[in-house]
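Visitor:
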């Protein structure tokens, strides 16, 4: 049970506090309800580039990172398709420094052409390092536009290609900032060795005076129902083939989300899972295989990704996966198998919530979805799912017309 | 509230309780216990002095520890996996250059299931042939993929350059080493290094200490293992005569850079001071390398340096991946930073900032049971006790610019460095 209190400032900022006195630290986490989905289709990568610029100083603070350092803290951020999340961990006694820093950059970020040009370069190098210069690094660049035709999930957070990042102008980024970085579009969550009343007072003091600003309403184009399976083949300089299957699934708030999450665990959560046991250990058709859900707010994807063993052709590997899925939909798990993945999930939550940063991020994310309190109800929701639910849901989830398949083939000569 | 002025910060930053409780089991295995945190969860680490340093041929140490979960005298690989998953436990095995580790995370309420299973895995592994062959094949395929990354090519070549191919810290391996690896190699290695005279145990989390200690005593407190002969022969270093090495990787859009040199083990008197110096150079986001090469020049997504200590050596290494067109400029900028540290004393302001940053990091290293367990494990790997952290804290607080200048002259001169670059020509 994660206890918390919350309040709403007049300018629309939501504030949540979770007290945990088992640590000398505190976390200041700010979630902005903006991600790469909110970008112009010709300026993909903007949300993430702006995240970099958020560390370049604000109206009253020249060097953000140095001030965190002075307060013995550590900070970082990440951008996804849905959100941009910033956090600072610091000694609880220095909590106010965190609020000072975050409120100042919410109020007025300091943009310079020079800082902008440098961070653009840094992001371009990040793009190269993670997506171009790694084996299978461009997998998502290929899969997203295959699985999505309309929805902005069709491009990755880093940007669709290098040219998009290169073409973003400082004015466009400024506009993006003023559109999305306003109090009513943010959730502040403080956790750790703090007192809620004190946090609320400080939050009001630092964030209260920030102008309300107009929040842009979001109307993302929704993906129409996919009716025919899609397939793509690429050949790359990698030592072995890889196959990726993506099935369209529901969004994060749908009640089916929990069922589908459990299906991914049944198939590939851990070394006792079906796909790992059957395909890696017994039949030795794959050297690795995984399944997971993207967990996006709007309808996301159920992914199966595997590397066939060296002597196995990719078509055969594909057939074998489809065979396993067919088998799964026809023979749902036993009660014991289902109980196993539920137990594991509950334990995983316990491990994750041993950490005040994870707790702060999860609370803020659930508040974004509608109610931070759901964090304490989720295990119950998973526990209620029956083997019948699993069977019924997997039947429609694994409809072949609902799938996109990527053959990512090695261009190396077979020995 | 005045926005232009930073709120006051606490001056005194000291980690709280860093001492674990130490119990000695009947077989003299030390058991370190840390009780902290809020969730009813437990992490248990068993540390064996069984890293790659001790192996007689490549791949043996990492494979031996990985195979512990693949079958025992009484349970199959599948049964072990089922039991762990059913009870929500995570078991991770790993080996680095000096040590091998079994780490398990579980809910306290399942300790009577997980602890006996852990004892079985650790004390009675069977190294079954079929599972071994599957493991070897998977690992080989993964190895081929890893070999395509410039960062791995550079890292491997750097170790080879400073230690030479005969030395365990410099040793590399190839595909044929997989093909000739046999399960007997693993069981032989196991019998020498996995027993009650060569291990330490750490338990951390929020649990009933008396109960857990007694269960661990019952399961791990007797003599177990076959006490095979440990052979720690002298190993010869043969550093590369070439100081600059290029590893070609066609088509790479970035080059991986490793610049560094051999230093010393953790018990060396210069270690605490060098830790501070390394922090200034490239130990964190505000460090000189990161601020200059990423934040001022934009040549890279990340650059940093690390002072790595092993049981029998240590090295300082600068690590980055930069766009191919920035390769020359980045190298030049890195050497300039080294030069600057050697020629100009660090300012009081920068030094104060580094002190605070490092103390903050130490606070995080001891925040929560699992972080504390890792910090203690880190000490045990080097046969040190918590007094070592006290020494580091006192050096962080007291070291001055002239001592740092002196350390720079001894350890950071550009001429003493090895430079490895992996990328396209």
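Chains as they are written, first to last, in the numbering used here: chain A, 1 to 415; chain B, 1001 to 1425.
No residue lacks a Cβ here, since even glycine has one placed at the ideal position from N, Cα and C.
Note that the structure is a prediction, hence the values are computed from the model and not measured.
Pick helix, strand or coil for residue 1417/B, following the three-state DSSP scheme.
Guide: Mapped onto the second chain, residue 1417/B falls at position 417. Residue state, collapsed to three classes: coil.
Visitor: For the stretch 315-325 of chain A and the stretch 276-284 of chain A, state whether three or more C-beta atom pairs, one from each stretch, are separated by less than 8 Å.
Guide: Yes: at least three Cβ pairs fall under 8 Å.
Visitor: According to DSSP, what are the bridge partners of residue 230/A?
Guide: Your numbering for residue 230/A matches position 230 in the first chain. 404/A.
Visitor: For a contact meaning CB atoms closer than 9 Å, what does residue 125/A contact in chain E?
Guide: Absent from the structure: chain E. Protein chains present are A and B.
Visitor: Which chain A residues are close to residue 1244/B, counting only those with a beta carbon under 7 Å from its beta carbon?
Guide: Reading the second chain from its first residue, position 244 is the one you call residue 1244/B. Ordered by position in chain A, no residue passes the 7 Å Cβ test against residue 1244/B, which lies about 22 Å from the chain.
Visitor: Excluding sequence positions up to five away, which residues of its chain have a Cβ less than 6 Å from the Cβ of residue 1105/B?
Guide: Against the second chain, residue 1105/B aligns to sequence position 105. Contacts found: 1043, 1090.
Visitor: Do residue 1071/B and residue 1128/B come within 7 Å of each other at the CB atom, strictly closer than that value?
Guide: Taking the first residue of the second chain as 1, we reach residue 1128/B at position 128. Taking the first residue of the second chain as 1, we reach residue 1071/B at position 71. Yes, they are a contact pair.
Visitor: Which runs of the beta strand (DSSP E) spanning at least 3 residues fall entirely within the stretch 194-242 of chain A, listed in chain order?
Guide: For the stretch 194-242 of chain A, whole beta strand (DSSP E) runs of length 3 or above, ordered along the chain, are 230-236.
Visitor: Is the distance from the Cβ of residue 102/A to the Cβ of residue 28/A below 7 Å?
Guide: The sequence position of residue 102/A within the first chain is 102, counting from 1. The sequence position of residue 28/A within the first chain is 28, counting from 1. Cβ distance < 7 Å, so residue 102/A and residue 28/A count as in contact.
Visitor: For residue 354/A, which of 1370/B, 1352/B, 1353/B, 1176/B has the nearest alpha-carbon?
Guide: For the purposes of this step, residue 354/A is identified with residue 354 of the first chain, where counting begins at 1. Checking every option, the nearest Cα to that of residue 354/A belongs to 1370/B.
Visitor: Name the chain A residues whose beta carbon is nearer than 7 Å to that of residue 1422/B?
Guide: Position 422 of the second chain holds residue 1422/B. In chain order: nothing, as chain A lies at least about 11 Å away.
Visitor: Quick one: Cα of residue 21/A to Cα of residue 1021/B, how far?
Guide: The residue labelled residue 21/A in the question sits at position 21 within the first chain. The residue labelled residue 1021/B in the question sits at position 21 within the second chain. Using only the alpha carbons, I get a separation of about 21 Å.
Visitor: In this structure, how does DSSP classify residue 155/A when only helix, strand and coil are distinguished?
Guide: The count along the first chain starts at 1 and reaches residue 155/A at position 155. Residue 155/A: coil per DSSP, three-state reduction.
Visitor: Using the rule of at least 16 other Cβ atoms within 10 Å of the residue's Cβ for burial, across every protein chain shown, is residue 1099/B buried or exposed?
Guide: What you label residue 1099/B is simply residue 99 of the second chain in a count that begins at 1. Answer is buried; the Cβ neighbour count reaches 16.
Visitor: Check the DSSP bridge columns for residue 303/A and list the partner residues they point to.
Guide: Here residue 303/A refers to the residue found at position 303 when the first chain is read from its first residue. Answer is 246/A, 292/A, bridged to residue 303/A.
Visitor: Under 7 Å Cβ-Cβ, which residues of chain A neighbour residue 1055/B?
Guide: Within the second chain, residue 1055/B is the residue found at index 55, counting from 1. Ordered by position in chain A, no residue passes the 7 Å Cβ test against residue 1055/B, which lies about 24 Å from the chain.
Visitor: Per DSSP, what are the beta-bridge partners of residue 374/A in this structure?
Guide: Locating residue 374/A in the first chain gives position 374, where the first residue counts as 1. BP columns for residue 374/A are empty, so no partner.
Visitor: Expressed to the nearest angstrom, what Euclidean distance is found between the alpha-carbon atoms of residue 368/A and residue 387/A?
Guide: Taking the first chain and counting its residues from 1, the one referred to as residue 368/A is at position 368. Taking the first chain and counting its residues from 1, the one referred to as residue 387/A is at position 387. Rounded to whole angstroms, residue 368/A to residue 387/A spans 30 Å at the Cα level.
Visitor: Which full runs of the alpha helix (DSSP H) of 4+ residues lie inside the stretch 1190-1251 of chain B, going along the chain?
Guide: Taking only runs of at least 4 residues, the alpha helix (DSSP H) segments lying wholly in the stretch 1190-1251 of chain B are 1209-1220.
Visitor: Relative to the C-alpha of residue 1348/B, which candidate in 1387/B, 1396/B, 1401/B has its C-alpha closest?
Guide: Locating residue 1348/B in the second chain gives position 348, where the first residue counts as 1. Closest by alpha carbon: 1401/B.
Visitor: Using CA coordinates, which residue listed in 1087/B, 1041/B, 1412/B is at the minimum distance from residue 1263/B?
Guide: Against the second chain, residue 1263/B aligns to sequence position 263. Considering only alpha carbons, the answer is 1412/B.
Visitor: With distances taken from CA atoms, which of 1296/B, 1120/B, 1236/B, 1285/B is nearest residue 1074/B?
Guide: Your numbering for residue 1074/B matches position 74 in the second chain. Closest option to residue 1074/B, Cα to Cα, is 1120/B.
Visitor: Take the Cβ of residue 156/A as the centre, count every other Cβ of all protein chains shown within 10 Å, and call the residue buried at 16 or more, exposed below.
Guide: Translated into positions along the first chain, residue 156/A becomes position 156. Looking at its Cβ environment, which holds 16 or more other Cβ atoms inside 10 Å, residue 156/A is buried.
Visitor: Helix, strand or coil for residue 181/A per DSSP?
Guide: Translated into positions along the first chain, residue 181/A becomes position 181. It is coil, neither helix nor strand.
Visitor: Could you tell me whether the Cβ atoms of residue 249/A and residue 260/A are closer together than 7 Å?
Guide: Looking up residue 249/A in the first chain gives position 249. Looking up residue 260/A in the first chain gives position 260. Yes, the Cβ-Cβ distance between residue 249/A and residue 260/A is below 7 Å.
Visitor: For a contact meaning CB atoms closer than 7 Å, what does residue 129/A contact in chain B?
Guide: What you label residue 129/A is simply residue 129 of the first chain in a count that begins at 1. Under the 7 Å cutoff, chain B gives 1254, 1301, 1321.
Visitor: Where does residue 341/A land, buried or exposed, given buried means 16+ other C-beta within 10 angstroms?
Guide: The residue given as residue 341/A occupies position 341 in the first chain. Under this definition residue 341/A is a buried residue.
Visitor: Please check the pair residue 1395/B and residue 1272/B, which I expect to be a contact at CB under 8 Å, by giving their CB distance rounded to whole angstroms.
Guide: Start at 1 with the first residue of the second chain, and residue 1395/B comes out as number 395. Start at 1 with the first residue of the second chain, and residue 1272/B comes out as number 272. Indeed they touch by this definition, with Cβ atoms about 4 Å apart.
Visitor: What's the call for residue 1001/B, buried or exposed, on a 16-neighbour Cβ count within 10 Å?
Guide: For the purposes of this step, residue 1001/B is taken as residue 1 along the second chain, with counting starting at 1. Looking at its Cβ environment, which holds fewer than 16 other Cβ atoms inside 10 Å, residue 1001/B is exposed.
Visitor: Establish whether the CB of residue 1148/B and some CB of chain A are separated by less than 7 Å.
Guide: Taking the first residue of the second chain as 1, we reach residue 1148/B at position 148. Judged by the 7 Å Cβ criterion, residue 1148/B is in contact with chain A.
Visitor: Out of 180/A, 310/A, 220/A, which has the shortest C-alpha to C-alpha gap to residue 47/A?
Guide: Sequence index remark: in the first chain, residue 47/A carries index 47 (1-based). Of the listed residues, the one whose Cα sits closest to residue 47/A is 180/A.
Visitor: Residue 23/A CB to nearest chain B CB: under 7 Å?
Guide: As a first step, residue 23/A must be located in the first chain, where it is residue number 23. With 7 Å as the cut-off, residue 23/A counts as an interface residue toward chain B.
Visitor: Please identify the residue among 1097/B, 1159/B, 1006/B, 1013/B whose C-alpha is closest to the C-alpha of residue 1417/B.
Guide: Along the second chain, read from residue 1 onward, the residue named residue 1417/B stands at position 417. Checking every option, the nearest Cα to that of residue 1417/B belongs to 1159/B.
Visitor: In the DSSP assignment, find the beta strand (DSSP E) that holds residue 358/A and state where it starts and stops.
Guide: Indexing the first chain from 1 puts residue 358/A at position 358. Run containing residue 358/A: none in the beta strand (DSSP E); it sits in the alpha helix (DSSP H), 356-369.
Visitor: If the cut is a Cβ gap below 7 Å, which residues of chain B does residue 132/A touch?
Guide: Here residue 132/A corresponds to residue number 132 of the first chain, with the count starting at 1. Those within 7 Å of residue 132/A in chain B are 1253.
Visitor: Would residue 88/A and residue 68/A qualify as a contact pair, given that the criterion is a beta-carbon distance under 7 Å?
Guide: Here residue 88/A refers to the residue found at position 88 of the first chain. Here residue 68/A refers to the residue found at position 68 of the first chain. Yes, these two residues count as a Cβ contact at 7 Å.
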